[in-house]
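Okay, so here's the structure we're looking at.
Numbering (the working numbering), first residue to last: 90 to 220.
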């Protein structure tokens, strides 16, 4: 019943509803997009991203911090994927080559196959530079 009522609303009204949801709670924004296909359509439009009120997205900051803290715990407890992702970030984004390579190598030693492949490729690339 709810979706049929929403389906009858014009796109501009759906945009206003979704904008309010988006500025309030990131989780609800994602849930709304999943639950109702027209919300998903609205959220994919350029217009939506051009006119959402960004000044009231404080809750998003809290949620991003919660996700960051959650991921940090994986890293702190030695999850090989978290170590690998941190190493890739340090190597390719922050350009902290030694630190990034050390973390990629550590993830490789802890059994992450992808890290082993990247570690081998980086070692090969840097050994060629040393010649």
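Where a beta carbon is used, it is the ideal one built from N, C-alpha and C, also for glycine.
May I ask which residues mark the beginning and end of the alpha helix (DSSP H) holding residue i?
i: residue 198; result: 186-198
i: residue 131; result: 126-133
i: residue 78; result: Shown here, the chain extends from 90 to 220; a query on residue 78 therefore has no answer.
i: residue 107; result: 100-113
Thinking just about the alpha-carbon of each residue, which of the options is nearest to the one in residue i?
i: residue 178; options: 191, 135, 166; result: 191
i: residue 180; options: 107, 207, 166; result: 207
i: residue 109; options: 97, 128, 96, 123; result: 128
Taking 7 Å as the cut-off, is the C-beta of residue i nearer than that to any heavy atom in the ligand HEM?
i: residue 96; result: Looking for the ligand HEM in the displayed structure turns up nothing, as the structure carries no ligands at all.
Taking 8 Å as the cut-off, decide whether the C-beta atoms of residue i and residue j are in contact.
i: residue 159; j: residue 171; result: no
i: residue 131; j: residue 104; result: yes
i: residue 200; j: residue 189; result: no
i: residue 111; j: residue 118; result: yes
i: residue 173; j: residue 203; result: yes
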